[in-house]
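Here is the structure we will look at.
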Amino acid sequence: MKFYDREKELEQLRNSEAQAEKAASFTVLMGRHRIGKTSLILKVLEGRPFAYLFVSRDNEAMLWTRCKENSKTPWTSMSSGGFRGFANCLR
1 MKFYDREKEL EQLRNSEAQA EKAASFTVLM GRHRIGKTSL ILKVLEGRPF
51 AYLFVSRDNE AMLWTRCKEN SKTPWTSMSS GGFRGFANCL R
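For the sequence shown, the positions run 1 to 91 when the UniProt record's numbering is used.
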């Protein structure tokens, strides 16, 4: 996909990624639907491993199940004893 006039946005996301390598951070990308948010992120992460989770309006347990199914990461250590929520597994 060609990107037109997105250099500023790509640079901001690359800066955010560089900052995350120094300290924990969280980047939120918002905008109207169908304007290329996902494509922009995929372009920045091109050629590098990353985890992608589309967050739908499902409940937390369903999102967790989908995350485990779509990931190559061994989640068994995080999910032993039953699912207790994302906040608990990320502590």
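Backbone N, C-alpha and C define an ideal beta-carbon position, used for all residues, glycine too.
For my contact list, K37 and L29 are in at a C-beta cut-off of 8 Å; report their separation, rounded to the angstrom.
About 5 Å; that satisfies the 8 Å criterion.
Note the first and the last residue of the continuous alpha helix (DSSP H) segment covering T38.
For T38, the enclosing alpha helix (DSSP H) stretches over residues K37 to V44.
Decide if L40 is buried, meaning its Cβ has at least 16 other Cβ atoms within 10 Å, or exposed.
Label assigned to L40: buried.
In the structure shown, what three-state DSSP assignment does N59 receive?
In this structure, DSSP gives N59 a state outside helix and strand, which the three-state scheme calls coil.
For R14, the nearest candidate out of R48, S56 and E69 (CA to CA)
With distances taken between Cα atoms, R14 lies closest to R48.
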